[in-house]
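Read in order, the letters of the sequence shown correspond to residues 23 to 201 in this note's numbering.
The beta carbon of each residue, even a glycine, is placed where N, CA and C say it ideally should be.
What follows is a single structure, written as structure tokens, with notes after it.
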Amino acid sequence: EFQALFLALPCVAALIYGEREGFAYLVVAVSCLLVGALGKLRKPKSSVFYAREGFVAVSLSWILLSVTGALPLFLSGEFSSYTDALFETISGLTTTGASILADVEALSKCNLFWRSFTHWIGGMGVLVLIGAVRNWNWLCDPTGTPDVHHHGRGYRRAIFFLLGIVLIVVSIWSFVLVL
Numbered sequence: 023e024f025q026a027l028f029l030a031l032p033c034v035a036a037l038i039y040g041e042r043e044g045f046a047y048l049v050v051a052v053s054c055l056l057v058g059a060l061g062k063l064r065k066p067k068s069s070v071f072y073a074r075e076g077f078v079a080v081s082l083s084w085i086l087l088s089v090t091g092a093l094p095l096f097l098s099g100e101f102s103s104y105t106d107a108l109f110e111t112i113s114g115l116t117t118t119g120a121s122i123l124a125d126v127e128a129l130s131k132c133n134l135f136w137r138s139f140t141h142w143i144g145g146m147g148v149l150v151l152i153g154a155v156r157n158w159n160w161l162c163d164p165t166g167t168p169d170v171h172h173h174g175r176g177y178r179r180a181i182f183f184l185l186g187i188v189l190i191v192v193s194i195w196s197f198v199l200v201l
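Here it is in structure tokens:
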């Protein structure tokens with residue numbers, strides 16, 4: 023379902039610039055939303071989630087994000103093969119910056135937005151990974167005790183969550199203004 027939300031953003035860019043390539047993003051976004059909704063209908067047998075399951079879930083999530091994220095690039099017709107579109111998407115999500123494109127700016131605005139957004143998503147993923155490895159110690163006191171201002175972990179997490187939302191909105195808005 024997150025992927026559907028992510029894929030809806032290039033649709034907005036396509037609407038702003040009157041590009042037909044946005045339809046490919048809409049089709050894939052709706053498909054991801056339907057598959058995600060169907061996946062939520064099945065409840066797991068156990069709610070216990072061990073580290074091994076966590077590693078598998080994260081790995082599969084990155085693979086699924088890459089495979090589905092490459093679909094609209096390929097369906098737009100601006101990439102000659104699905105493999106090229108997949109390479110560009112994986113390159114963005116892993117923040118390598120590698121590209122098979124000789125002229126990136128020749129892409130339509132919505133494809134250029136998606137390509138840039140995958141790099142941004144990848145960067146945020148790296149930050150989340152670092153936070154997970156460090157057990158989010160930078161975000162809250164590991165003992166769970168309130169800070170000197172008597173604010174608990176929930177308060178601090180809410181502040182960082184709101185800060186993250188503000189950064190996302192500012193990033194997207196500034197990117198749209200540059201286009």
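Assign residue 28 to one of two classes, buried (16 or more other C-beta atoms within 10 Å of its C-beta) or exposed (fewer than that).
buried
Have a look at residue 65 and residue 71 and give me their C-alpha separation to the nearest angstrom.
13 Å
Return the first residue and the last residue of the alpha helix (DSSP H) that residue 39 is part of.
24–39
Limits of the unbroken alpha helix (DSSP H) element including residue 94
73–97
If contacts are defined as beta-carbon pairs under 8 Å, then residue 35 and residue 51 qualify, I think. What distance do you get, rounded to the angstrom?
At roughly 13 Å, the Cβ-Cβ gap does not stay under 8 Å, so residue 35 and residue 51 are not in contact.
Which residues in the same chain as residue 54 place their Cβ atom closer than 8 Å to its Cβ, once the five residues preceding and following it in sequence are excluded?
23, 25, 26, 29 and 90
Distance, Cα to Cα, residue 195 vs residue 96?
26 Å
Buried or exposed: where does residue 77 fall if 16 or more other Cβ atoms within 10 Å of its Cβ makes it buried?
exposed
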